[in-house]
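Undergrad: Here the sequence shown stands for residues 3 to 876, numbered as in my numbering.
We put the beta carbon where it would ideally sit given N, CA and C, even for glycine.
Computed from a predicted model, the values in this text were never measured in an experiment.
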Amino acid sequence: MEYPIWELSTFGGGFFIAFISIFHVYIAHFAVGGGLFLPLFESKAVKENSPLMLDYVRTHTKFFLILTMVFGGMSGVGIWYSISVLAPRATSLLIRTFVFGWAIEWVFFLLEIVALLIFYYRFDKMDRRDHLKIGWLYFIFAWMSLFVINGIIGFMLTPGVWLKDGGFWGALFNPSFWPSLFFRTFISFMIAGLFGFITAGRIPNKEVRNKVYRCCSRWAIVSVVLALFCGWWYFSVLPPETLQRLTLKAARISTFYRLILICGASIFILGAAMMVRLPKEARVALTTILCILGIGFLGSFEFLRESARKPYLVYNYMYSSQIRTDEVSKLNRAGILASSKWVRADLNDLAKAGQSVFQIECSCCHSIGGPMNDIMPLTEKYPVIGMDSKLNGMGKINSIMPPFIGTRTERLALATYIVDDLHGSKAAENSFVGEDLKVEVPPFDKENDEYVLLAWNNLGMHCISDSYSEWVLLPPANDLWAQLIRRGEKPEVVTSGVTLKYHVEPGFENPADRSEFWDYEHSHFGANLEPHIGLSGNGLRGKMHLKEDLKSFEASLIPVEPYTEDGKYNPYPIFTVEAYDSKTGKLLATTAAVTPTSTEMGCKNCHGGPWKMKGIAGISQQTGRDVISSHDRLSNTDLVSEAAAGNPKLCQSCHPDPVLGAKGKPGLLNLPAAIHGFHANFLTGRGAEACAYCHPNRPDGPTKCLRGVHSQKGVSCVRCHGYLEDHALSLLKKEKDSGKPGAEKLMRNLKPRTVESTADVNARIPWIQEPDCRTCHVVKGRIPDNIKSNSFNVWTKNGSELYRLSLDNSGKVMCIACHNSPHANYPTVNKYGVDRDNIAPMQYQKNQRAIGADNNCNVCHLGNVEGDKHHWMK
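1. Would a C-beta distance cut-off of 8 Å place H31 and S190 closer than the cut-off?
2. What are the partner residues of F555, as DSSP defines its beta bridges?
3. To the nearest angstrom, how far is it from the Cα of H657 to the Cα of G669?
4. First and last residue of the alpha helix (DSSP H) that includes E283?
5. Would you kindly report the start and end of the unbroken alpha helix (DSSP H) that includes F66?
6. Is DSSP giving A664 helix, strand or coil here?
7. Among I399, L416, S331 and Y314, which one has its Cα closest to the Cα of I362?
8. By Cβ distance below 7 Å, which residues in the same chain neighbour G408 in space, the five residues on each side in sequence not counted?
9. Which value, in whole angstroms, describes the spacing of the CA atoms of P754 and P768?
10. By a C-beta neighbour count over all protein chains shown, 10 Å radius and 16 as the cutoff for buried, is A284 buried or exposed?
11. Which word fits G168, buried or exposed, when buried means at least 16 other C-beta atoms lie within 10 angstroms of its C-beta?
12. Does the beta carbon of P698 fall short of 7 Å from some heavy atom of the ligand ADP?
13. Given a threshold of 16 other Cβ atoms within 10 Å of its Cβ, counted over all protein chains shown, does A619 qualify as buried or as exposed?
14. To test your reading of the DSSP string, which unbroken alpha helix (DSSP H) runs of 4 or more residues are found completely within the segment 730–766?
15. Short check: CB of A594 to CB of F577, under 8 Å?
16. Cα separation between W235 and V150?
17. Could you compute how far the alpha carbon of M396 sits from the alpha carbon of M320?
18. Does the separation of the CB atoms of L671 and K742 fall below 8 Å?
19. Rounding to the nearest angstrom, what Cα-Cα distance links N788 and N800 in this structure?
20. Once the 5 residues before and after I770 are set aside, which same chain residues still bring their CB inside 7 Å of it?
21. Suppose only complete runs of 4+ residues qualify. What are the alpha helix (DSSP H) ranges in the segment 808–871, listed by chain order?
22. Would you check if the segment 678–687 and the segment 503–521 touch, i.e. whether three or more CB-CB distances between them fall below 8 Å?
23. Keeping to the same chain, check which residues put their C-beta closer than 7 Å to that of N849; ignore five residues upstream and five downstream.
24. Contact between the segment 214–226 and the segment 264–281 is defined here as three or more beta-carbon pairs at a separation below 8 Å; is this criterion met?
25. Just the C-alpha distance for L315 and I85, rounded to the nearest angstrom, thanks.
26. For L165, which residues of its own chain have a beta-carbon under 8 Å away from its beta-carbon, when the five flanking residues on both sides are left out?
27. Should T601 and D702 be called a contact, given that it needs their Cβ atoms to be closer than 8 Å?
28. Express the C-alpha separation of W82 and M55 in angstroms, rounding to a whole number.
29. What does DSSP give as the partner residues of R543 in its beta bridges?
30. Using a Cβ-Cβ cut-off of 8 Å (strictly less than) and excluding sequence neighbours within five positions of S632, which residues of its own chain qualify?
31. From the DSSP output, in three-state form, read off P242 for me.
32. Which whole runs of the alpha helix (DSSP H) in the segment 88–153 are 4 residues long or more, in chain order?
33. What did DSSP end up calling M773 once you bin it into helix, strand or coil?
34. What number of angstroms, rounded off, separates the C-alpha of Q485 from the C-alpha of P564?
35. Expressed to the nearest angstrom, what Euclidean distance is found between the alpha-carbon atoms of N860 and K448?
36. Pairs of beta-carbons, one from the segment 475–484 and one from the segment 825–842, closer than 8 Å: are there three or more?
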């Protein structure tokens with residue numbers, strides 16, 4: 003940028019301006035209100051022919067002169083100095099825009115000084131009528147000074163037509179000019195009344211003292227009421243987006259709303275109390291309290307005004323980092339460091355370059371370990387991945403922060419500086435190499451066995467959040483499916499006369515003994531979940547229920563968790579499925595399948611905290627608490643207090659979600675749209691790694707969501723679901739079409755990457771409308787390796803068309819029965835054993851490929867198979 007940087011650390015830029023300005027503004031308003039106070043009280047003294055009252059006015063004038071001219075003048079110079087070195091570009095803009103206004107204001111200020119000096123030093127040395135004229139002239143000059151300054155201050159929040167024409171008069175008489183002028187005028191009168199109490203306490207005559215106290219009380223209480231009304235008028239003229247930000251009721255902002263009302267009401271009540279004949283000591287104490295309340299009243303308003311302006315110094319024109327809005331695109335391309343004339347930084351040293359970026363973009367508001375806006379506690383939880391994502395999302399959803407401006411490398415440099423230099427870096431995560439667990443493949447006699455039993459999990463990976471004491475995203479509720487086929491020349495799918503049972507392998511029984519979920523079951527269940535989910539945590543064995551329309555059997559919502567009795571983490575529990583003759587009880591067939599269940603969800607990447615289990619998986623209480631704290635702050639909820647009271651919430655208790663049949667609360671985004679839409683704003687410009695930041699698919703992690711044949715051939719999440727921006731927009735667009743207001747906010751800063759524009763994105767319902775195999779797999783027989791199709795934007799019409807619910811062209815065999823679960827299509831690679839995910843193919847054909855592959859039709863067919871050997875879908 004054009005100016006050198008004043009390098010700051012402990013005391014960030016905001017500290018010096020706030021420290022100086024709060025007292026200067028308070029005294030400056032007193033200088034205006036006191037200008038009316040003096041001639042009115044002098045007139046009263048003359049009218050009542052009261053020498054004692056005149057003595058009070060003379061004494062108060064001396065106090066007024068010293069406070070406003072000495073302290074007020076010096077603090078005014080302090081403000082000019084601090085803003086010129088902290089925000090030189092913005093200061094230059096104000097000088098250039100208001101050069102005529104500043105000249106007028108300085109003339110009035112000079113006339114103020116002359117008038118006040120004459121008023122004090124000629125108090126008893128000139129004709130009383132002429133002396134009063136000098137007093138009135140002082141008030142006029144002081145108020146005209148406020149008149150001009152008010153326009154300049156208001157311009158920064160409501161520049162109005164200046165943004166179009168750049169004219170002086172439009173900038174001065176901006177939309178907030180008149181309400182702000184009246185508000186500040188009445189504030190000035192109120193402060194004059196409060197300071198009147200200070201000198202009133204030194205009046206020796208009791209009657210005169212009581213009279214002055216009563217007069218000052220009326221000044222204060224009438225003025226504060228009028229100021230409150232004008233404050234309401236002021237906020238009513240602010241831009242809609244500004245009002246929206248101020249009405250978010252974030253903790254800090256809502257505190258200052260309350261402070262304005264509390265301080266105003268207290269001034270009214272205590273000011274009225276000063277009319278009563280109280281002991282002198284009590285009045286002195288009340289005077290001190292009232293003056294502090296006055297600072298609180300004015301300071302709260304100024305804080306809200308500053309908050310309303312954020313993230314700008316000049317609204318919609320210049321960010322708080324002094325970067326103009328019309329420069330953002332250029333700086334994002336060229337880089338902020340390359341465009342800063344006074345900075346020499348080498349991007350090969352990320353941390354050093356990041357320090358320079360911090361000084362340019364962050365130090366204007368944030369300190370490092372200081373008393374104001376300390377960056378340290380705000381960023382303590384982040385690793386570099388999370389910090390980079392946070393910077394990427396700044397200004398998109400919560401607009402109180404400006405967006406990060408610069409290249410991706412500069413953003414990474416800033417993240418590296420904050421995490422590695424300021425916080426001393428984060429410990430490296432544990433890498434999971436693998437564990438070859440024993441798998442017992444059930445026997446199968448091709449010559450003599452009459453039945454083939456196929457079992458599978460319907461999702462390929464069930465991700466659950468085990469931060470049960472804080473919140474639950476998805477409960478431990480997996481689904482196991484099976485089909486029984488009677489072998490023959492024409493194989494038959496069996497659905498009657500048989501009973502299918504299931505049980506989990508040893509070590510996974512009784513999850514309630516080692517999981518907190520059942521401690522909080524009352525919070526998570528109800529209308530959102532079927533009540534038969536393992537009420538005691540022992541639902542890991544039982545009968546499967548017939549799904550007649552799909553010729554299959556299902557055991558739904560099995561409460562399985564990836565933790566074993568001996569304290570290990572295993573996301574691939576094996577369930578044995580057995581088919582019995584319902585009449586005789588004879589065992590007809592046995593098979594086994596994994597029910598993939600993972601808690602390796604990457605919330606910690608942005609919300610801090612450690613992994614909960616063995617340093618490789620699980621959401622710790624620290625991480626879970628930060629998630630709901632963020633939710634409370636951004637959405638004005640009370641999830642933290644509910645969790646602290648032992649009543650953690652299931653996300654679907656508010657957000658609709660088709661996967662659980664949860665209706666949620668009217669008007670709220672469905673859960674997949676809300677989660678993906680929110681986080682997409684922080685993870686733009688990335689590939690499939692963006693999915694792995696949250697879903698359990700990191701390269702060195704124990705779980706692999708995408709572990710089937712597609713992954714082995716280099717087909718990533720992006721190939722089917724699109725980039726995260728695409729994926730989120732497809733969900734949000736459906737919600738927007740449904741009239742849900744929250745969708746637009748999350749869509750505003752997202753641009754699709756697979757198609758040209760948002761208009762080209764096909765809206766969809768989560769879990770129901772998904773990518774489909776037939777979009778890419780259009781060739782019958784052996785699928786070629788060089789398929790280049792992309793299935794994003796081509797969704798199934800309804801749930802019956804989903805791969806996991808599709809039947810072959812005979813309408814009997816489910817596709818998933820032979821090819822295995824989504825994301826885990828045979829052959830599957832599993833870090834817990836080469837055959838753990840391939841039990842059925844190994845059982846029936848001694849290889850890991852899909853059932854029937856490599857001319858293994860005789861798994862089910864006992865005769866020759868002619869024609870197309872693949873059960874093609876309709």
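TA: Concretely, from the data shown:
1. Start at 1 with the first residue of the sequence shown, and residue 31 comes out as number 29. Start at 1 with the first residue of the sequence shown, and residue 190 comes out as number 188. Yes; because the gap between Cβ atoms is below 8 Å, this pair is in contact.
2. Taking the first residue of the sequence shown as 1, we reach residue 555 at position 553. In the DSSP output, where bridge partners are listed per residue, F555 has A484 and L548.
3. Taking the first residue of the sequence shown as 1, we reach residue 657 at position 655. Taking the first residue of the sequence shown as 1, we reach residue 669 at position 667. Going from the Cα of H657 to the Cα of G669 covers about 9 Å.
4. Sequence index remark: in the sequence shown, residue 283 carries index 281 (1-based). From DSSP, the alpha helix (DSSP H) with E283 extends over K282 to R311.
5. On the sequence shown, residue 66 is found 64 positions in, with the first residue counted as 1. First-last of the alpha helix (DSSP H) with F66: P53 to L67.
6. As a first step, residue 664 must be located in the sequence shown, where it is residue number 662. In the structure shown, A664 sits in a strand (DSSP, three-state: E or B).
7. The count along the sequence shown starts at 1 and reaches residue 362 at position 360. Cα-wise, what sits closest to I362 is L416.
8. As a working note, residue 408 is residue 406 in the sequence shown. Result list for G408: L333, N334, G337, I338 and V359, in chain order.
9. Position 752 of the sequence shown, counted from the first residue, corresponds to residue 754. Position 766 of the sequence shown, counted from the first residue, corresponds to residue 768. Using only the alpha carbons, I get a separation of about 18 Å.
10. Residue numbering aside, residue 284 sits at position 282 when the sequence shown is read from its first letter. Classification of A284: exposed, given that the 10 Å Cβ count is below 16.
11. One-based indexing of the sequence shown puts residue 168 at position 166. Burial call: exposed.
12. For the ligand ADP, the structure offers nothing, since it holds no ligand at all.
13. As a working note, residue 619 is residue 617 in the sequence shown. It is buried - the Cβ of A619 has at least 16 other Cβ atoms within 10 Å.
14. 744–749
15. Taking the first residue of the sequence shown as 1, we reach residue 594 at position 592. Taking the first residue of the sequence shown as 1, we reach residue 577 at position 575. The answer is yes: Cβ separation under 8 Å.
16. Your numbering for residue 235 matches position 233 in the sequence shown. Your numbering for residue 150 matches position 148 in the sequence shown. One C-alpha to the other measures close to 20 Å.
17. Position 394 of the sequence shown, counting from 1, holds the residue named residue 396. Position 318 of the sequence shown, counting from 1, holds the residue named residue 320. Whole-angstrom Cα-Cα distance: 16 Å.
18. As a working mapping, residue 671 is identified with position 669 in the sequence shown. As a working mapping, residue 742 is identified with position 740 in the sequence shown. Yes, Cβ-Cβ distance for L671 and K742 is below 8 Å.
19. Locating residue 788 in the sequence shown gives position 786, counting from the first residue. Locating residue 800 in the sequence shown gives position 798, counting from the first residue. Since pLDDT at N788 reaches only 47, below the 50 mark, its modelled position is unreliable, and the value read off the structure follows with that caveat. Distance between the alpha carbons of N788 and N800 is about 29 Å.
20. Here residue 770 is taken as the residue at index 768 of the sequence shown, counted from 1. Here the set comprises P660, N800 and G801.
21. 817–821 and 841–847
22. no
23. In the sequence shown, residue 849 corresponds to position 847, counting from 1. Once the five neighbours on either side are set aside, the close Cβ partners of N849 are P843 and D856.
24. yes
25. Along the sequence shown, one-based indexing puts residue 315 at 313. Along the sequence shown, one-based indexing puts residue 85 at 83. If I take the Cα positions, the gap works out to 11 Å.
26. On the sequence shown, position 163 is the one that residue 165 refers to. Excluding positions up to five away in sequence, the list reads N318 and Y319.
27. To locate residue 601, count along the sequence shown from 1; it is residue 599. To locate residue 702, count along the sequence shown from 1; it is residue 700. No; because the gap between Cβ atoms is not below 8 Å, this pair is not in contact.
28. Taking the sequence shown and counting its residues from 1, the one referred to as residue 55 is at position 53. Taking the sequence shown and counting its residues from 1, the one referred to as residue 82 is at position 80. Taking the straight line from one Cα to the other gives about 38 Å.
29. Residue mapping note: residue 543 aligns to position 541 of the sequence shown, counting from 1. In DSSP, R543 forms a bridge with H505.
30. Counting from one through the sequence shown, the residue named residue 632 turns up at place 630. The residues are H609.
31. Residue 242 sits at position 240 when you count from the first residue of the sequence shown. In the structure shown, P242 sits in a helix (DSSP, three-state: H, G or I).
32. 90–99 and 101–123
33. Within the sequence shown, residue 773 is the residue found at index 771, counting from 1. Correcting the residue identity first, residue 773 is Pro in this sequence and not Met. Correct three-state label for P773: strand.
34. The residue given as residue 485 occupies position 483 in the sequence shown. The residue given as residue 564 occupies position 562 in the sequence shown. Approximately 25 Å between the Cα atoms of the pair.
35. Working through the sequence shown from its first residue, we reach residue 860 at position 858. Working through the sequence shown from its first residue, we reach residue 448 at position 446. Taking the straight line joining both Cα atoms gives about 8 Å.
36. no
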